[in-house]
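Note that the protein sequences, when read in sequence, are chains A and B. Throughout the first sequence, residue numbering follows this note's numbering, covering 1 to 165 in sequence. Throughout the second sequence, residue numbering follows this note's numbering, covering 1001 to 1591 in sequence. I have placed the structure first, in the form of structure tokens, so that the comments after it can refer back to it.
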Amino acid sequence: MAGTTCTCNCSVSNLTGEAKIEHLLELYKGNPSALIVVLSAIQTELGYLPKDWMVRVAEELNMPLTDVYGAATFYAAFSMQPKGKYTINLCVGTACYVKGAPEVQAAIEKELGIKPGETTEDRKFSFNLVHCIGACGIAPVMTINGDVCPKVTKDTVAEILSKYE
Amino acid sequence: MATVTVTIDNRQIEVEQGITILEAAKKIGLKIPTLCHMREINEIGSCRICIVEVQGARTLQAACVTPVYDGMVVRTNTETVRQSRKMLLELILSTHPAECLTCLRNTNCELQTLAKSFGIDEIRFKRVTGKMVKEDSIDRSSPSLVRDPRKCVLCGRCVAVCEKVQGVKAIGSVNRGFDTVVAPPFDLELGDTNCVNCGQCALVCPTGAITEKDDTAEVWAALSDPTKHVVVQTAPAVRVAIAEEFGMEPGTLGTGKMVAALRILGFDKVFDTDFAADLTIMEEGNELLQRLESKQNLPLITSCSPGWIKYVEHFYPELISNLSTCKSPQQMLGALIKTYYAEKENIDPKDIVSVSIMPCTAKKFESARDEMNASGYQDVDYVLTTREFARMCKAAGIDWDNLPEEEFDTPLGISTGAGVIFGTTGGVMEAALRTAYELVTKEELDSLEFTAVRGLEGVKEAEIEMNSVKLKVAVVHSLKNAKIVMDKVKEGTADYAFIEVMACPGGCIGGGGQPIPTDLNVRMKRVAGIYQADEQLPIRKSHENPAIQALYEEYLGEPLSEKSHQLLHTEYVERDLFTNAPAKKEEKTAI
Ligand code: SF4
Ligand code: SF4
Ligand code: SF4
Ligand code: FES
């Protein structure tokens, strides 16, 4: 993601994960205008914006937590939810919808105990609804990390999901 | 001053360059409707209710943020303007629950007024709300305030005040587009945050989306319980504001009628917080002299504003030892009512219900603090704001104009001019100086007015000489101004001996529980009312209050005695920076 490069000529590009975030927080201490840079780095490094890190950002950049959270919820590039190992995209475009996507959705929700936009507690699955993916011939359709699952029914959901470890 | 000539609705005027169309229109007697606009505080041009036609511009312009230029031709009242404004308002109303009859802001709501003046007779759109607004999303977590996001029109006024005037920003804009809400961060409710309960947000909210927490039902219940002895106290700033609720000019002194109204409502005794303000001066004045002598914990900082106290607990925990240990006057009187008064009158304190009428929403929080039960019971049971008190009067059919003027009950209703000026910024300082000066120098003051600490300037400074010792003092109001001075104190670049802080702009007269509207002009009139009350009183120095002298003789001994400490002083807690929780003590993860 843009904006995560460090400007202090250090070897931040070699840093990853929390070490990189810590480095940026140190670099931008007391500097609220670096908010987006830091949040972007957290999003890239951790895949989402954990609550504790947002609190740290507010403390270190010396700004209201409200502003950190406001920015985090304003920009579509930020996600508040950790991403699962597998992302399920269920199509609810017209063709899939009439062919039973709502029942499939209910079955997924029941199987995983999460709603669209959420991630299972074990971080195995994230679940999203998407609009027409152009595979109406095999509706209802869903993808799991890019694997296309054709003609899903509420009864095959559990079996499909069980293949993902 | 450079001027420009503009034409507004066919009338040509010359105005100062750089002002907005809104301001220019005012000069020819036109009030363009606004909703989000607050001068100097919220100039974001977001609601667009104020749109006007500007010749040559492709679209309608927001009058509140568009500066005038030479030769500008503006039309504020064309069919297009009227229809567009109406459409905008209908769109706002389409997200709004039409619950005026059961809303605290009924008949004093800017949205309602706009709907009326635009002649809205139907709402053509079906009610829709963003996904963050739920019908049961009313936030009652705060002891002081209630948030009803369903009624929020997203004008941003509360956010701007909380950030720019108070420097807290407990609430802000969350999400985007149609799902935007004004809320605390994460899934926190207001009561879980670092909100200091000042209520300035409720004061500026144009609708009923943030209001005081209404405690009138509890007070009515106490009043109708024959086994209870119900006692009330009234803060200094209430008397210069309550009459506004009955159509009088801001600043009208309503002391006598207020006392009469409270008796009609059924209170058994009507006492005056001003008495406890005098007592605060005795305690705090001596505390100041003691600290000056020991050179410890200076500057001494006042502690009567509970919003300010909570602000220190969150944002400046390192300055807690500088705070005066004196309770606020409300809590001093609360403690005395259930001890001194109860003993004197031979009433079991468990049968006393102690109510206070305050200009302040933070007082509700303060009365419920764990520390505030010196009598063995919660010292102050219920706190009502000026607005709630007015509602009770109206429910009881009280006809303000025809009320008699009555006097407070003795002895806890006897007070001085020094007590009454606690209601305005600079008042605690002035009252303290009147007493400290005479105690230290043993000379009588020639003039009682310390004008340097008066007025509505954000940070005021003065230097007073007592026995050839120069004392530098500062007075601040609104927390953003307090921050400026506290940062200096922290850095060690301030050489003040004594600092007065009041959380609200103007002090208590501008408190979050006062009548709406409370703007700069209204504040100035209430300040004038306070000084008028001071001048009218026969005694104007706290140490000359005979009831205070008797209290020390009969009960407390002397200022800062053990008994005083037990009843009148308190301690504070360090709080987390962003949440209401006590501060976490463990070390932060090392960087
Ligand atoms: S906020 Fe105003 S318009 Fe809305 S219900 Fe209350 S009084 Fe009516
Ligand atoms: S009460 Fe004061 S601190 Fe709390 S949200 Fe309102 S303005 Fe901010
Ligand atoms: S709560 Fe009130 S002041 Fe705040 S944005 Fe909503 S309508 Fe405006
Ligand atoms: S009042 Fe002008 S845009 Fe809201």
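We put the beta carbon where it would ideally sit given N, CA and C, even for glycine.
Can you name the residues that DSSP bridges to residue i?
i	result
residue 1502/B	1477/B
residue 1540/B	The partner list for residue 1540/B (beta bridge, DSSP) is empty, contrary to what the question assumes.
residue 1062/B	1051/B
residue 1014/B	1005/B
residue 89/A	128/A, 143/A
residue 1301/B	1323/B, 1499/B
residue 1555/B	Answer is none; residue 1555/B lacks a bridge partner.
residue 1464/B	1471/B
residue 1432/B	For residue 1432/B, which the question treats as bridged, DSSP gives no partner whatsoever.
residue 1382/B	1355/B
residue 1174/B	1181/B
residue 1569/B	1326/B
residue 149/A	142/A
residue 1270/B	1232/B
residue 1038/B	1042/B
residue 1440/B	Beta-bridge pairing links residue 1440/B to no other residue.
residue 1145/B	1212/B
At a cut-off of 6 Å, would you count residue i as near ligand 4, judging by its Cβ distance to the nearest heavy atom?
i	result
residue 1050/B	yes
residue 72/A	no
residue 1062/B	yes
residue 1114/B	no
residue 1425/B	no
residue 1035/B	yes
residue 1397/B	no
residue 1045/B	yes
I'd like to confirm something about residue i: is its beta-carbon nearer than 6 Å to some heavy atom of ligand 3, or not?
i	result
residue 1376/B	no
residue 1157/B	yes
residue 1205/B	yes
residue 1210/B	yes
residue 1190/B	no
residue 1182/B	yes
residue 1596/B	Outside the displayed span of chain B (1001 to 1591) sits residue 1596/B, for which this structure offers no information.
residue 61/A	no
residue 1153/B	yes
When every heavy atom of ligand 2 is checked, does at least one fall within less than 6 Å of the C-beta of residue i?
i	result
residue 1168/B	yes
residue 959/B	Here chain B covers residues 1001 to 1591 and nothing more, so residue 959/B does not appear.
residue 1199/B	yes
residue 1196/B	yes
residue 1171/B	yes
residue 149/A	no
residue 1508/B	no
residue 1393/B	no
residue 1504/B	no
residue 1162/B	yes
**OP:** Indicate whether the contact test is met: 3 or more Cβ pairs, each with one atom in the stretch 1269 to 1283 of chain B and one in the stretch 1324 to 1343 of chain B, closer than 8 Å.
**Re:** yes
Original post:
Any residues whose CB sits closer than 6 Å to a heavy atom of ligand 1? List them in chain order?
Top reply: 1096/B, 1099/B, 1100/B, 1103/B, 1105/B, 1106/B, 1109/B, 1111/B, 1112/B, 1151/B, 1207/B, 1208/B
Original post:
Taking one C-beta from the stretch 1487 to 1496 of chain B and one from the stretch 1442 to 1460 of chain B each time, how about it: are there three or more such pairs within less than 8 Å?
Top reply: no
Original post:
Is it true that the stretch 1184 to 1194 of chain B meets the stretch 1131 to 1146 of chain B, where meeting means three or more beta-carbon pairs spaced less than 8 Å apart?
Top reply: yes
**OP:** Check whether the stretch 129 to 148 of chain A touches the stretch 71 to 79 of chain A, counting contact only when three or more Cβ pairs, one atom from each stretch, lie closer than 8 Å.
**Re:** The stretch 129 to 148 of chain A vs the stretch 71 to 79 of chain A: no contact.
Original post:
With contact counted as at least three CB pairs below 8 Å, one residue from each stretch, are the stretch 1161 to 1178 of chain B and the stretch 1281 to 1294 of chain B in contact?
Top reply: no
Subject >> Segment contact, 8 Å Cβ cut-off, at least three pairs: the stretch 1437 to 1444 of chain B with the stretch 1299 to 1312 of chain B >> reply: no
**OP:** Inspect the CB distances between the stretch 147 to 158 of chain A and the stretch 1024 to 1036 of chain B and report whether three or more fall short of 8 Å.
**Re:** no
Original post:
Quick check: the stretch 1519 to 1535 of chain B against the stretch 1245 to 1252 of chain B, are there 3 or more CB pairs under 8 Å?
Top reply: Taking one beta carbon from each stretch, the stretch 1519 to 1535 of chain B and the stretch 1245 to 1252 of chain B have 3 or more pairs nearer than 8 Å; the two touch.
Subject >> alpha helix (DSSP H) runs contained entirely in the stretch 1074 to 1142 of chain B, provided each spans 4 or more residues >> reply: 1079 to 1093, 1110 to 1117
Original post:
Does the stretch 1367 to 1374 of chain B come within contact of the stretch 1334 to 1351 of chain B, defined as at least 3 CB pairs closer than 8 Å?
Top reply: yes
Original post:
If you scan the stretch 1187 to 1250 of chain B from start to end, which runs of the beta strand (DSSP E) of 3 or more residues do you find wholly inside it?
Top reply: 1210 to 1212, 1229 to 1234
Original post:
If you pair each beta-carbon of the stretch 1219 to 1230 of chain B with each one of the stretch 1178 to 1185 of chain B, do three or more pairs fall below 8 Å?
Top reply: no
Original post:
Do the stretch 1353 to 1368 of chain B and the stretch 1315 to 1323 of chain B make contact, defined as three or more Cβ pairs closer than 8 Å?
Top reply: no
**OP:** Kindly confirm or deny that the stretch 1533 to 1545 of chain B and the stretch 1414 to 1432 of chain B touch, where touching means at least three C-beta pairs closer than 8 Å.
**Re:** yes
Original post:
Any chance the stretch 87 to 97 of chain A sits against the stretch 49 to 59 of chain A, with 3 or more Cβ pairs inside 8 Å?
Top reply: Output reads no: the stretch 49 to 59 of chain A does not touch the stretch 87 to 97 of chain A.
Subject >> Sufficient close CB pairs (3 or more, under 8 Å) joining the stretch 1107 to 1124 of chain B to the stretch 1156 to 1164 of chain B >> reply: Per the Cβ contact rule, the stretch 1107 to 1124 of chain B is not in contact with the stretch 1156 to 1164 of chain B (fewer than 3 Cβ pairs under 8 Å).
**OP:** Take every Cβ of the stretch 1538 to 1554 of chain B, pair it with every Cβ of the stretch 1301 to 1311 of chain B, and state whether three or more of those distances are shorter than 8 Å.
**Re:** no
Original post:
Using 8 Å as the Cβ pair cut-off and three pairs as the minimum, do the stretch 1375 to 1389 of chain B and the stretch 1404 to 1413 of chain B touch?
Top reply: As far as the Cβ criterion goes, the stretch 1375 to 1389 of chain B does not touch the stretch 1404 to 1413 of chain B, which means the pair count is below three.
**OP:** Give a yes or no on contact between the stretch 1228 to 1237 of chain B and the stretch 1494 to 1511 of chain B, applying the rule of three or more CB pairs nearer than 8 Å.
**Re:** yes
Original post:
How about the stretch 1425 to 1433 of chain B and the stretch 1459 to 1477 of chain B: do they share at least three Cβ pairs that are nearer than 8 Å?
Top reply: Enough Cβ pairs lie closer than 8 Å, so yes.
Subject >> the stretch 33 to 42 of chain A touching the stretch 1554 to 1567 of chain B, judged by at least three CB pairs closer than 8 Å >> reply: no
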